[in-house]
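See structure below.
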Amino acid sequence: MSVARKLRVAVVYGGKSGEHEISLISAASVIRNLDSSRFEIIPIAVTKEGKWLEQDLSAALPSGTKSLKIVTSGAKACQFKIGEKFSVTSGGVDVVFPVMHGPLCEDGTIQGFFEISDMPYVGCNTLSSAVGMDKDIAKRLAVSEGIKVVPWVTMKKAAWKKDSAAFMTQIEHELEFPCFIKPANMGSSVGVHKVKKREDLSAAIEDAFRYDLKVIAEKGIRAREIELSALESLEENGETLVSIPGEITPTHEFYSYESKYLDENGAELMIPAHLSATHVQFAQDTARKVFQVLECEGMARVDFFLDQDSGEFYLNEINTIPGFTQISMYPKLWEASGISYKELLSRLVDLALKRSRIRSGLLREWHAAECVNGK
Ligand SMILES: Nc1ncnc2c1ncn2[C@@H]1O[C@H](COP(=O)(O)OP(=O)(O)O)[C@@H](O)[C@H]1O
Ligand SMILES: [Mg+2]
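Here the sequence shown stands for residues 157 to 531, numbered as in the numbering used here.
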């Protein structure tokens, strides 16, 4: 009996994004937990400047360290050729596992690069990555399928510059205070502001425009923050799997960058969230629906607000490459729902191969003769 060779999985981490550091911690966990009996790991670092570097595993992740280190001196720059499958010094790559967050990492751009390179890759495709990253577009799609979101106002930079007073009045009347101001495409609460009075609105919006050309304002609610993990089924027509819900309770005014990453006691994770059976069912059904409506593939974490005043569930956002540290909500929720971290990673790689297998059957051009002959 021949022994199948191990699949060569390139874990790509770092990235040209504000979430570079968290990616180094997430990817360290992923690398440590990928099943070594099935996979050979190829670490690839993307520096903050956007350089792709082949890394030596033992140098990048010495034992006992929590975070990957990007070794630049002597590191070989990746020599990927446009339109060709990835190959590194030690040989070819079978699957890419991007563990990076934010713009240029999670928003479909890098996924498009994997597509044109014909590389199977973990997680959402270009379309759902882009849609999931854009809080305005994601809401519009969700709303069109009857999923509730909090009232919001979208501002493009040029329009804001032209008539900021009109936007401020609209926000004041339609959303009232407090409201939340956010860059449409960002994450980790970067550029997010809670605004309590009109005088502070303009500065918050200007700040959010430093990160994106589109900014949204949202009605601020007294929300419990409920999150669920969604995972595509390995079967071709299988139903999307959804975990039990978890809850995040920030100890800060909201779940800000500080409470996420700088303050060790910035937030409490509760798994499972204390919810009624009806609420659990509703949250799970809605999370599955969001995953399908946004045409997600592979994985996504779906975040809701449970309004403490009205009792309504609202979709907050979807994260197509959620945090992956050992204490991150996405893998934790699966663990609590019966899928271990290691098994989860194996499934994600298998899902990447599943998509690539299915897509490989697609025609790339018009086959007139076959149509005519009914072949
Ligand atoms: N409309 C809102 N009402 C109440 N809290 C909000 C609202 N929008 C955002 N927040 C708070 O801000 C945090 C970050 O906002 P979010 O939209 O999740 O951005 P990010 O993509 O950066 O995580 C949320 O986790 C929550 O604590
Ligand atoms: Mg969030």
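Where is the CB? At the ideal position from N, CA and C, for every residue including glycine.
query, result
"Outcome for residue 171 when other beta-carbon atoms lying within 10 angstroms are tallied against a minimum of 16", "buried"
"Closer than 8 Å: residue 281 CB and nearest ligand 2 heavy atom", "no"
"Other residues of its chain near residue 123: CB distance less than 7 Å, five sequence neighbours each side excluded", "Because the chain spans 157 through 531 in this model, residue 123 falls outside it and cannot be assessed."
"Cα-Cα separation, residue 415 to residue 506", "34 Å"
"Distance, residue 253 Cα to residue 271 Cα", "13 Å"
"Assumed close pair residue 276, residue 173 - CB separation to whole angstroms, cut-off 8 Å", "In fact, because the Cβ distance is near 23 Å, the residues do not count as touching under 8 Å."
"Segments assigned beta strand (DSSP E), at least 3 residues, entirely inside the segment 164-239", "195-202 and 208-210"
"Status (buried if at least 16 other CB within 10 Å, exposed otherwise) for residue 490", "buried"
"Cβ-heavy atom distance, residue 385 to ligand 1, below 8 Å", "no"
"Contact belief for residue 427 with residue 488 at Cβ below 8 Å, rounded distance in angstroms", "6 Å"
"Cβ pair count under 8 Å reaching 3, the segment 451-465 against the segment 377-385", "yes"
"Bounding residues of the beta strand (DSSP E) (the contiguous stretch that carries residue 487)", "Here residue 487 belongs to no beta strand (DSSP E); instead the alpha helix (DSSP H) covers 485-492."
"Proximity of residue 264 and residue 233 at Cβ, strictly below 9 Å", "no"
"Every unbroken alpha helix (DSSP H) inside the segment 275-351 [4 residues or more]", "282-289, 291-300, 313-318 and 320-330"
"Burial state of residue 494 (16 or more Cβ within 10 Å)", "exposed"
"DSSP state of residue 361 mapped onto helix, strand, coil", "helix"
"N-terminal and C-terminal residue of the alpha helix (DSSP H) that residue 405 is part of", "Element bounds for residue 405: not the alpha helix (DSSP H) but the beta strand (DSSP E), 402-406."
"Closer than 8 Å: residue 413 CB and nearest ligand 2 heavy atom", "no"
"N-terminal and C-terminal residue of the beta strand (DSSP E) that residue 520 is part of", "Taken as a continuous stretch (DSSP letters only), residue 520 belongs to no beta strand (DSSP E), as it is neither H nor E."
"Cβ-heavy atom distance, residue 342 to ligand 1, below 8 Å", "yes"
"Proximity of residue 320 and residue 266 at Cβ, strictly below 9 Å", "no"
"Whether residue 185 touches residue 440 by CB criterion (9 Å)", "no"
"Closer than 8 Å: residue 459 CB and nearest ligand 2 heavy atom", "yes"
"CB-CB length for residue 406 against residue 384, believed under 8 Å", "That pair is no contact at about 18 Å."
"Heavy atom of ligand 1 within 8 Å of residue 421 beta-carbon", "no"
"C-beta contact flag for residue 477 and residue 459 at 9 Å", "no"
"Cβ distance (whole Å) where residue 256 is taken to contact residue 168 below 8 Å", "7 Å"
"Burial state of residue 245, where buried means 16 or more other Cβ atoms lie within 10 Å", "exposed"
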